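With the sequence shown counted from 1, adding 217 to any position gets you my numbering. Just so it is clear, CB atoms sit at the ideal spot from N, CA and C, and this is done for glycine as well. These figures come from a predicted structure and were not determined experimentally. Report on one structure; see the data block that follows.
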Amino acid sequence: MTTTLIEFQIAADPPQRLDKALFRDAPAQAELSRTYLTRLILAGAVRINLAPQNNPKAKVVEGAQVQIELPCAAELNLTPENIPLRVVYEDDALIVIDKPAGMVVHPA
Numbered sequence: 218m219t220t221t222l223i224e225f226q227i228a229a230d231p232p233q234r235l236d237k238a239l240f241r242d243a244p245a246q247a248e249l250s251r252t253y254l255t256r257l258i259l260a261g262a263v264r265i266n267l268a269p270q271n272n273p274k275a276k277v278v279e280g281a282q283v284q285i286e287l288p289c290a291a292e293l294n295l296t297p298e299n300i301p302l303r304v305v306y307e308d309d310a311l312i313v314i315d316k317p318a319g320m321v322v323h324p325a
């Protein structure tokens, strides 16, 4: 599996917990939630000063070097189906569809 490596430093006045420090200091463009960061820590995908971390509650210090290996998203192989649906209402901003009960709206 291909991964993307994110590297950054823990800024001044870090929170007590690793997961909170990563959430605060990770680059904003990475768009990582604290829940996802916790999963990455538990999976061993986070290193602090080159040492693997697996405890979200571990203490961190200012200036620590962080490396996070992000797994690349799996490509979905979805094929749209031509299913007849009744349009109840439609305008420029909204469409109301009458779909059969039990029909999946989006893949899980």
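- Query: Where do the ends of the beta strand (DSSP E) carrying I227 lie?
  - Reply: No beta strand (DSSP E) holds I227; DSSP gives it neither H nor E.
- Message: Tell me the DSSP secondary structure of D309 in three-state form.
- Response: coil
- Message: By the three-class DSSP mapping on this structure, what secondary structure does R256 have?
- Response: helix
- Query: How long is the line joining the alpha carbons of R264 and I227, rounded to whole angstroms?
  - Reply: 12 Å
- Query: Can you round the beta-carbon distance between F240 and L254 to whole angstroms, since I take them to be within the 8 Å contact cut?
  - Reply: 6 Å
- Message: According to DSSP, simplified to helix, strand and coil, what is A247?
- Response: helix
- Item | Neighbour-count burial assignment, L267, 16 or more Cβ in a 10 Å radius | exposed
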